[in-house]
Amino acid sequence: MTNVAWSVVEVAAQLLEHSEREAVLGDLTETNEGAWQGLAGIFGLAVRRQLALWKNWRPWLASFGLALPCSLLLMGLSLSISQAYQRLINSTVFKDTGITVGPGLALLLCNLLLLIAWSWTGGFVMGSVSRRTVRVSAALSFMPCMFCLTRFHVESLSRFCLLLFLLPAAWGVYRGLQIAQIRLRSALMLAAVITVLTVPAWSNKGSWIPNWALSWPAWYLVATASKRPAAKGDKQWQAS
Amino acid sequence: MLGEFEYILITAAAGLGDNAYGAAIREEIESAAGRKCSIGALYTTIDRLETKGLLKTWMGEATPERGGRAKRMVQVTAKGVQEAKDFYDAVTRVSRGASWVANRRGSVL
Numbered sequence: 000m001t002n003v004a005w006s007v008v009e010v011a012a013q014l015l016e017h018s019e020r021e022a023v024l025g026d027l028t029e030t031n032e033g034a035w036q037g038l039a040g041i042f043g044l045a046v047r048r049q050l051a052l053w054k055n056w057r058p059w060l061a062s063f064g065l066a067l068p069c070s071l072l073l074m075g076l077s078l079s080i081s082q083a084y085q086r087l088i089n090s091t092v093f094k095d096t097g098i099t100v101g102p103g104l105a106l107l108l109c110n111l112l113l114l115i116a117w118s119w120t121g122g123f124v125m126g127s128v129s130r131r132t133v134r135v136s137a138a139l140s141f142m143p144c145m146f147c148l149t150r151f152h153v154e155s156l157s158r159f160c161l162l163l164f165l166l167p168a169a170w171g172v173y174r175g176l177q178i179a180q181i182r183l184r185s186a187l188m189l190a191a192v193i194t195v196l197t198v199p200a201w202s203n204k205g206s207w208i209p210n211w212a213l214s215w216p217a218w219y220l221v222a223t224a225s226k227r228p229a230a231k232g233d234k235q236w237q238a239s
Numbered sequence: 000m001l002g003e004f005e006y007i008l009i010t011a012a013a014g015l016g017d018n019a020y021g022a023a024i025r026e027e028i029e030s031a032a033g034r035k036c037s038i039g040a041l042y043t044t045i046d047r048l049e050t051k052g053l054l055k056t057w058m059g060e061a062t063p064e065r066g067g068r069a070k071r072m073v074q075v076t077a078k079g080v081q082e083a084k085d086f087y088d089a090v091t092r093v094s095r096g097a098s099w100v101a102n103r104r105g106s107v108l
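First to last, the protein sequences are chains A and D. Under numbering that gives the first Met the number 0, the first residue of the first sequence carries the number 0, and numbering increases by one thereafter. Under numbering that gives the first Met the number 0, the first residue of the second sequence carries the number 0, and numbering increases by one thereafter.
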C-alpha cells in the first residue's frame, strides 16, 4: 500500500473506536491488504457498528425526537427574536429618548433567554442520550438549517439570524458529551426557569405544542439528574 | 444455537489456540471455509460472541510486522466450546441419511 493510500485508510479508520482502530489497522498492515480492500473493510465495519447502535431507542430519540424538530422550532424562534429586535431598534430606542424599557424589550429578553436555555438543554440531551450517534443527530439538525438558509429572503435581515440558536446548542452538545448528567438542583433550577419564561406564551393557544416540544429536554434532565452528592474530583456539572 | 458463521469463527479461534487474533482468524476462515471474510463481519461477530460469553478478548502485544499496533486476542470460553459442540452434534444428527453425506467416500456418519 502506498503512503497516500495508507493515509486515506488511516483517516477512514478514525470512524472506529481507538482499540478497534488499533486492531484493524494492525491486521491490514500484517496481511498487506490493498488500499481499496482496506477502505471497504473499514467502511463496512463502521456501517455495521452504526447500524447496531440504532437497535436502541436512544439514537432515535436524539435524532428524530430532538435534533430534527428542535432545530426547526429554534430557527423559527431565532427569526422571531431577530425581527423583534429590529422592530424595537427602529421604533423605540433610537427614535425616542434612548433607553426605554417597555414590554417589548422585556419580551425580547425573555425570548432570548428561552432561546439560549432551550438550545443548551436540547444540545445537552442530544449529546448525552446517544453519544456515539451524535454526528448523525448533528447532521439531521443541520439539514433543515441548510434548507431554510438557501430559501431565506428577508431583505432587512441577514439569513444567519436563523442560526442564533447554534452557539448555545453546540455548547450544550459539548457539555452533554463530556458529562452525561447534571446535578438535580441545577437541573431543577434550569427546568423551573424555562417553565417560568414560557408563562407569557400560555395565553397563546397555539404555542403550547412548540413550547413543550422544546421544554421536555429540561424536564428529562431533571428526571435523569444525579441524586448523589458530587465526590471530590467529580466532573459533574455544577455551574458552567 | 450458534449461527453458521459463528460456529466457523469459534472453530477457527479454537484451532489457533494462543495465536488466535483478528488477522489470523480471518486467514484461517478464508483458507478452511473457502469464503471471503470481511473485517466488518469478523469483528462484529467477535463482539456478539463475546457479549454471549462464548469468547473472551483482550488487546495483545504490538509487533513490528503490524506497524507497532496491538492485536485483539481471542479465546474460546468453556461455554463457547459447549455451544460449538452442540452445533456440530445437531448438524451431524440432521445430516444423517442426506444423499450428499451417504454418497461421500470415507464418510464418518
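Note that the Cβ used here is the ideal one computed from N, Cα and C, for glycine as well. Predicted, not measured: the structure shown is a model, and the values here were computed from it.
With 16 as the cutoff for other CB atoms within 10 Å, does residue i come out buried or exposed?
i, result
"Ile45/D", "buried"
"Thr1/A", "exposed"
"Val195/A", "exposed"
"Gly96/D", "exposed"
"Ala19/D", "buried"
"Lys168/D", "Here chain D has residues from 0 to 108 only, and residue 168/D is not among them."
"Gly232/A", "Note that Gly232/A scores a pLDDT of 48, beneath 50, so its modelled location is shaky; the value from the coordinates is reported in the next line. Exposed: under 16 other Cβ atoms inside 10 Å."
Looking at the structure shown, is residue i part of a helix, part of a strand, or coil, going by DSSP?
i, result
"Ser225/A", "strand"
"Lys35/D", "coil"
"Arg68/D", "strand"
"Val198/A", "helix"
"Arg95/D", "coil"
"Gly232/A", "The predicted position of Gly232/A is uncertain, since its pLDDT is 48 and thus under 50; a value taken from the coordinates is nonetheless stated next. Coil."
"Val73/D", "strand"
"Ala61/D", "strand"
"Lys54/A", "coil"
"Leu72/A", "helix"
"Lys78/D", "helix"
Could you give the distance in angstroms between the alpha-carbon of residue i and the alpha-carbon of residue j?
i, j, result
"Leu41/D", "Ala11/A", "18 Å"
"Arg57/A", "Ala66/A", "12 Å"
"Glu9/A", "Arg92/D", "47 Å"
"Ala179/A", "Leu15/A", "21 Å"
"Gly171/A", "Gln177/A", "10 Å"
"Ala101/D", "Ser94/D", "9 Å"
"Met58/D", "Leu8/D", "18 Å"
"Trp236/A", "Ile181/A", "Note that Trp236/A has pLDDT 45, beneath the 50 cutoff, so the model's placement of it is unreliable and the number below is only indicative. Looking at the two C-alpha atoms, the distance is approximately 5 Å."
"Leu71/A", "Ser185/A", "27 Å"
"Glu27/D", "Lys54/A", "31 Å"
"Ala105/A", "Leu112/A", "11 Å"
"Leu27/A", "Gly39/D", "13 Å"
"Glu3/D", "Glu60/D", "30 Å"
Would you say the beta carbon of residue i comes nearer than 6 Å to a heavy atom of the ligand FAD?
i, result
"Ser79/A", "In the structure on display, the ligand FAD does not appear, and there are no ligands present to speak of."
Residues from the region 47-80 of chain D in contact with chain A, defined by Cβ distance under 7 Å: Met58, Glu64, Arg65, Gly66, Arg68, Ala69, Lys70, Arg71
Determine which residues of the region 10-31 of chain A have a Cβ less than 7 Å from any Cβ of chain D, and write them out in chain order. Ser18, Glu19, Glu21, Ala22, Val23, Leu24, Gly25, Asp26, Thr28, Glu29, Thr30
Name, going along the chain, the residues of the region 174-191 of chain A whose beta-carbon falls closer than 7 Å to a beta-carbon of chain D. none
What residues in the region 5-22 of chain D bring their beta carbon closer than 7 Å to a beta carbon of chain A? Gly21, Ala22
Quick one: which residues of the region 26-45 of chain D get their C-beta closer than 9 Å to a C-beta of chain A? List them in chain order. Glu26, Ser37, Ile38, Gly39, Ala40, Leu41, Tyr42, Thr43
Please list, in chain order, the residues of the region 40-67 of chain A that have any C-beta partner in chain D closer than 9 Å. Gly40, Ile41, Phe42, Gly43, Leu44, Ala45, Val46, Arg47, Arg48, Ala51
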